[in-house]
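Beneath this line is the structure, given in structure tokens, with notes to follow.
Numbering (my numbering), first residue to last: 2 to 522.
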């Protein structure tokens with residue numbers, strides 16, 4: 002088997018006390034899968050084509066005059082190869098996915114069924130408006146729900162992801178400031194905010210300054226007030242924050258920022274922890290994105306772009322982007338640049354070519370309508386309950402830096418404090434793979450050394466949580482005892498641990514035929 006220099010494809014585990022060596026290298030149904038180039042041969046083809054009579058080339062000398070060097074595989078060989086690889090993937094349909102701040106939860110199949118209905122799945126954004134009235138109504142109704150659930154004034158449905166929504170909110174803030182002739186240069190970002198927040202602010206042309214967290218993991222309100230001034234355009238805050246904690250001073254923060262002439266942007270990625278329980282508009286928020294693929298249940302990626310609608314306060318509504326769906330006496334229409342007229346003349350413009358991600362919209366509305374008001378409230382309650390169950394079940398085993406700061410929200414945060422000499426968060430995470438679990442988010446947020454951020458989500462049962470807690474307790478106890486065998490984990494996975502530094506810095510992305518062995522002279 003070929004060894005890649007980057008370390009990304011090391012050898013399979015050596016035979017040990019529990020692994021009998023086999024002729025194939027397979028271990029029962031854990032199949033040892035070769036590369037395509039090792040299965041096929043560049044001198045053969047898996048299909049037969051009739052001779053094609055070609056005319057003069059129209060590529061102007063840019064045509065390829067040498068073989069492309071791909072291996073020839075038959076259809077069964079290709080299908081089996083990718084199917085075998087797919088069986089080595091971890092997925093939410095296999096087990097708990099505890100990535101902190103990612104809300105990797107079960108996606109109801111009802112949503113998928115509705116999203117695949119021809120009237121939603123088979124339409125095109127360039128169709129005449131009168132042929133897509135149902136789709137426009139769905140976008141409009143979903144937007145009304147998002148406004149109602151957040152207590153805000155309006156919504157922009159077109160942003161394609163959370164960070165895209167952040168940019169949308171900042172562009173609206175910039176436009177509002179420019180409309181009053183106010184050129185401010187600074188965005189304040191607390192240490193407990195999501196990592197995309199400072200990146201988005203910098204991308205939008207602002208200078209980013211940090212606001213420290215208190216020992217209880219919340220925004221330092223006095224430090225924030227001390228920094229506010231005529232150069233501060235606003236604050237980007239994540240609530241609940243990335244330490245998994247609610248910001249109890251949110252109203253005071255908003256009042257202070259508004260008094261200083263700035264705006265408040267809230268990262269709504271963690272909205273599933275408060276949906277149906279808290280309305281961000283009541284907290285003084287001016288703009289907030291909502292990850293439909295997280296809170297309202299679409300598989301991550303969703304077969305294409307995500308969806309990050311942005312809700313706005315009344316102060317920012319005039320500056321929201323185009324296009325948006327408007328209900329008229331004759332049905333629904335899209336308000337675009339050419340028909341915005343005076344009632345939306347202050348819009349900062351367009352962010353995307355079309356109107357959003359229809360699959361995400363359909364799944365989100367299906368999720369909302371099937372849950373109802375009481376069901377959405379239970380989403381938040383179960384998310385918080387599950388996270389606190391994880392947190393308290395690991396008392397005395399894993400250090401929880403903010404475990405004494407009151408209940409957590411949707412996620413529990415742990416550190417590597419107390420691990421044996423030389424053992425790290427990475428070692429614990431790799432050992433979790435041997436236990437059959439995808440590791441949690443590691444080394445984030447940066448305010449905690451060796452951070453482990455666990456979000457069980459609202460869709461996991463107590464039995465699933467107990468199994469995960471048992472596995473995590475077992476591995477954590479080994480780490481605290483200084484069990485150096487953790488350095489070799491995972492030992493039961495299809496591949497052993499790679500050299501991650503070498504793989505990141507010197508990746509080998511092109512397969513090369515190994516040099517034939519030369520006989521010694």
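Beta carbons are placed, not taken as given, at the ideal position from N, Cα and C, and that holds for glycine.
Secondary structure of residue 333, DSSP reduced to three states: As a working note, residue 333 is residue 332 in the chain shown. Of the three classes helix, strand and coil, the one that applies to residue 333 here is strand, per DSSP.
From the DSSP output, which residues share a beta bridge with residue 267? Numbered from its first residue, the chain shown carries residue 267 at position 266. Residue pairing by DSSP places residue 267 opposite 238 and 289 in a beta bridge.
Under three-state DSSP, which class holds residue 311? For the purposes of this step, residue 311 is taken as residue 310 along the chain shown, with counting starting at 1. Strand, per DSSP.
Assign residue 506 to one of three DSSP states: helix, strand, or coil. Working through the chain shown from its first residue, we reach residue 506 at position 505. Helix.
State the Cα-Cα distance for the pair residue 381 and residue 311, rounded to the nearest angstrom. Translated into the one-based positions of the chain shown, residue 381 becomes position 380. Translated into the one-based positions of the chain shown, residue 311 becomes position 310. About 20 angstroms.
My guess is that residue 368 and residue 298 are in contact by the Cβ rule of under 8 angstroms, so how many angstroms apart are they, rounded? Stepping through the chain shown from its first residue, residue 368 is reached at position 367. Stepping through the chain shown from its first residue, residue 298 is reached at position 297. For residue 368 against residue 298, the beta-carbon gap comes to about 5 angstroms, under 8 angstroms, which counts as contact.
Are the segment 340-357 and the segment 152-171 in contact at 8 angstroms, needing three or more beta carbon pairs? Yes: at least three Cβ pairs fall under 8 angstroms.
For the ligand PLP, any of its heavy atoms closer than 6 angstroms to the Cβ of residue 175? Among the components of this structure there are no ligands whatsoever, and the ligand PLP is therefore not found.
If you measure from the beta carbon of residue 211 to each beta carbon in chain C, is any gap under 7 angstroms? Although the question refers to chain C, the structure presented lacks it and comprises just one protein chain.
Can you list the alpha helix (DSSP H) stretches of 4 or more residues lying completely in the segment 39-108, in chain order? You should have 76-87.
Looking at C-beta atoms only, is the number of pairs between the segment 187-201 and the segment 217-233 that lie closer than 8 angstroms three or more? Cβ pair count under 8 angstroms is three or more, so yes.
Own chain, CB closer than 7 angstroms to residue 98, minus 5 neighbours either side, in chain order: As a first step, residue 98 is located in the chain shown; it is residue number 97 there, counting from the start. Result list for residue 98: 105 and 439, in chain order.
Taking the beta carbon of residue 459 as the centre, do at least 16 other beta carbons fall within 10 Å, making it buried, or is it exposed? The residue labelled residue 459 in the question sits at position 458 within the chain shown. Residue environment analysis places residue 459 among the buried positions, since at least 16 neighbouring C-beta atoms fall within 10 angstroms of its C-beta.
Cα separation between residue 515 and residue 496? Position 514 of the chain shown, counted from the first residue, corresponds to residue 515. Position 495 of the chain shown, counted from the first residue, corresponds to residue 496. Between residue 515 and residue 496, the C-alpha separation is close to 21 angstroms.
Which term fits residue 263, buried or exposed, when burial requires 16 or more other beta carbons within 10 angstroms of its beta carbon? Residue numbering aside, residue 263 sits at position 262 when the chain shown is read from its first letter. Burial is judged here by how many other beta carbons sit within 10 angstroms of a residue's own beta carbon; residue 263 has at least 16 and is buried.
Inter-residue spacing [alpha-carbon to alpha-carbon] between residue 216 and residue 446: Position 215 of the chain shown, counting from 1, holds the residue named residue 216. Position 445 of the chain shown, counting from 1, holds the residue named residue 446. Cα to Cα, residue 216 sits roughly 14 angstroms from residue 446.
When the Cα of residue 435 is compared with those of 383, 359 and 91, which residue comes out closest? Start at 1 with the first residue of the chain shown, and residue 435 comes out as number 434. Residue 91 is the option with its Cα nearest to residue 435.
What are the start and end residues of each continuous beta strand (DSSP E) run of 3 or more residues lying completely inside the segment 443-499, in chain order? Counting only runs of 3 or more residues that sit fully inside the segment 443-499, the beta strand (DSSP E) segments are 453-455, in chain order.
Let me know if residue 212 comes out buried or exposed under the rule of 16 or more other beta-carbons within 10 Å of its beta-carbon. Numbered from its first residue, the chain shown carries residue 212 at position 211. Here residue 212 is buried, its C-beta having at least 16 other C-beta atoms within 10 Å.
Do you know offhand how far residue 523's Cα is from residue 400's? The chain is shown only over 2 to 522; residue 523 falls outside these bounds and no answer can be derived.
Does the beta-carbon of residue 112 have 16 or more other beta-carbons within 10 angstroms, so that it is buried, or is it exposed? Residue mapping note: residue 112 aligns to position 111 of the chain shown, counting from 1. So residue 112 counts as buried.
In whole angstroms, what separates the C-alpha of residue 509 from that of residue 76? Here residue 509 is taken as the residue at index 508 of the chain shown, counted from 1. Here residue 76 is taken as the residue at index 75 of the chain shown, counted from 1. For residue 509 and residue 76, the distance between alpha carbons rounds to 27 angstroms.
Between residue 358 and residue 158, what straight-line distance do the alpha-carbon atoms span, to the nearest angstrom? Reading the chain shown from its first residue, position 357 is the one you call residue 358. Reading the chain shown from its first residue, position 157 is the one you call residue 158. Approximately 9 angstroms, taken between the alpha carbons.
If we count the other Cβ atoms within 10 Å of its Cβ and call it buried at 16 or more, is residue 507 buried or exposed? Residue 507 sits at position 506 when you count from the first residue of the chain shown. Using a 10 angstroms sphere on the CB of residue 507, the tally of other CB atoms stays under 16, which defines it as exposed.
Mind the definition here: the segment 330-338 touches the segment 131-140 only if three or more C-beta pairs lie below 8 angstroms; say whether that holds. The segment 330-338 is in contact with the segment 131-140.
Which residue's Cα is closest to the Cα of residue 407: 174, 420 and 393? Numbered from its first residue, the chain shown carries residue 407 at position 406. Of 174, 420 and 393, the residue nearest in Cα terms is 393.
Residues that residue 400 bridges to, as DSSP identifies them: Sequence index remark: in the chain shown, residue 400 carries index 399 (1-based). Beta-bridge pairing links residue 400 to 416.
Under three-state DSSP, which class holds residue 258? Numbered from 1 along the chain shown, position 257 holds the residue referred to as residue 258. When secondary structure is reduced to three states using DSSP, residue 258 falls in the helix class.
Residue environment, residue 467, which counts as buried when at least 16 other CB atoms sit within 10 Å: Here residue 467 refers to the residue found at position 466 of the chain shown. Exposed, since its Cβ has fewer than 16 Cβ neighbours within 10 Å.
Mind checking residue 53: buried by the 16 CB within 10 Å criterion, or exposed? Sequence index remark: in the chain shown, residue 53 carries index 52 (1-based). Residue 53 is exposed by the Cβ-count criterion.
Just confirm the distance between the C-beta atoms of residue 488 and residue 428, as a whole number of angstroms; I'd bet it's less than 8 angstroms. Position 487 of the chain shown holds residue 488. Position 427 of the chain shown holds residue 428. Contact flag correct, Cβ pair sits at about 6 angstroms.
Please name the residue in 286, 183 and 153 whose C-alpha comes closest to that of residue 240. As a working mapping, residue 240 is identified with position 239 in the chain shown. Ranked by Cα distance from residue 240, the options 286, 183 and 153 are led by 286.
To the nearest angstrom, report how far apart residue 504 and residue 498 are at their CA atoms. In the chain shown, the residue the question calls residue 504 occupies position 503. In the chain shown, the residue the question calls residue 498 occupies position 497. Rounded to the nearest angstrom, the two C-alpha atoms are 11 angstroms apart.
Identify which residue in 164, 154 and 82 has its Cα closest to the Cα of residue 294. Within the chain shown, residue 294 is the residue found at index 293, counting from 1. The candidate whose alpha carbon is nearest that of residue 294 is 164.
Please classify residue 145: does DSSP put it in a helix, a strand, or coil? Your numbering for residue 145 matches position 144 in the chain shown. In this structure, residue 145 counts as helix in the three-state DSSP scheme.
Looking at the structure shown, is residue 228 part of a helix, part of a strand, or coil, going by DSSP? Reading the chain shown from its first residue, position 227 is the one you call residue 228. It is helical.
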